[in-house]
Amino acid sequence: MAYTATVIPVMIASPGDVAEERQVIREMIHEWNDINSARSKVMLTPIGWETHTSPELGVRPQKLINQRLLVDCDLLIGVFWTRLGSPTGNEASGTVEEIHRHLNAGKPAMIYFSSKPVAPESLDREQYESLKLFKTECMQKGLIESFNDLSDFKDKVRRQLSIIISSSPYLSSLISTINNSPYANTSQSLPESNLSADALSLLKLACVDDSGTIYVIRHLGGTDIQAGNQSFGGSSAREVARWEGALNELLSFDYVIERGAKGQMYYVTHKGWTFLESLNE
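Our numbering applies: residue 1444 is where the sequence shown begins, and numbers increase by one.
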């Protein structure tokens, strides 16, 4: 069924050595849409220099990216491994320029640094030293997240994408403003009454006993999400995505909080217990 949605362009900012990571970001954006878009009336669209630019002479390449792509993006996801990128004349690299301009506009950014092993002889030392300096700059601003491999990266982007969409004042204000316009068919973004059936089931199962606990168990065969006496996900990637999406909903509404290492254990918050009790009144 057709529906009206607020479209949020997401800039994928990265140098050329992280093609696999860029693809993961696109996959996680599409997965978020599949799980959340119809309910939240919000749709994310990935934007990147490798898919949204064309050759043009006479203009600084980065200026074209800034003017035609970056300026319209409301969220930026940046990822690095061993390279910072080529200098633009204004900044240490095009990716750095994109990040700085985006942040200076008051918009949210998610910045990731890969810790994947790399052959020493393949390193461009100058690039790597420049990257370390930029990483230090980002750490001082509290912007970064590290990951060990593509699976770890996928898990973190999947979980943190939902969190930033619901917790960023900029995005919340943007969505609320558009959805409250005379032309919108929804009154506000991500209303609590729109909690999906899966998320509500997960919350109810976690509260079957007083522990209020949800476990995420990752193993070679897949991922199990356990609440109460039931387990979801398993070896089906689609089912895992479905129930991780439900868990991310609960996180975005502050109904659960992560307490275990590496996203393995979650506890129902006071807000979560109160919300569930209100349904029974």
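Just so you know, even glycine gets a beta-carbon here, dropped at the ideal spot from N, CA and C.
Predicted model only: the values in this text are computed from it and were never measured.
Contact check, Glu1540 vs Asn1591, beta carbons under 9 Å: no
Check whether Ile1451 and Val1600 have beta carbons under 9 Å apart: no
Test item: CB-CB of Leu1546 and Ser1536 under 9 Å: no
Opposing strand residues paired with Ile1607 [DSSP bridges]: In DSSP, Ile1607 forms no bridge with anything.
8 Å Cβ shell around Glu1701 - same chain, five flanking residues per side excluded: Leu1694, Met1708, Tyr1709
Where the alpha helix (DSSP H) containing Val1461 begins and where it ends: First-last for Val1461: undefined, no H or E at that position.
Any 3 or more C-beta pairs closer than 8 Å across the region 1572 to 1584 and the region 1655 to 1667: no
DSSP-derived helix/strand/coil call for Gly1715: helix
Spatial distance of Ile1520 from Met1454 (CA atoms): 6 Å
Completely contained alpha helix (DSSP H) runs for the region 1638 to 1724, where each covers 4 or more residues: 1640 to 1649, 1680 to 1695, 1713 to 1722
Contained beta strand (DSSP E) runs [length at least 3] in the region 1555 to 1612, N- to C-terminal order: 1587 to 1590
Nearest to Asp1595 (by Cα), restricted to the options Ser1529, Lys1575, Ser1557: Ser1557
Beta-carbon separation (whole angstroms), Thr1449 vs Ile1618, contact threshold 8 Å: 5 Å
Bridge-paired residues (DSSP) for Val1453: Pro1489, Leu1518
Sheet register partners of Met1553 (DSSP bridge): Ile1520
DSSP-derived helix/strand/coil call for Glu1540: helix
Distance between beta carbons of Tyr1571 and Val1522, contact taken as under 8 Å: At roughly 16 Å, the Cβ-Cβ gap does not stay under 8 Å, so Val1522 and Tyr1571 are not in contact.
Separation of Cys1650 from Trp1492, as counted between CA atoms: 46 Å
Lys1484 in three-state terms, based on DSSP: coil
For Ser1639 and Ile1739, the rounded distance between their alpha carbons: Given that the chain is displayed from residue 1444 to residue 1724, the structure contains no residue 1739 and the question cannot be resolved.
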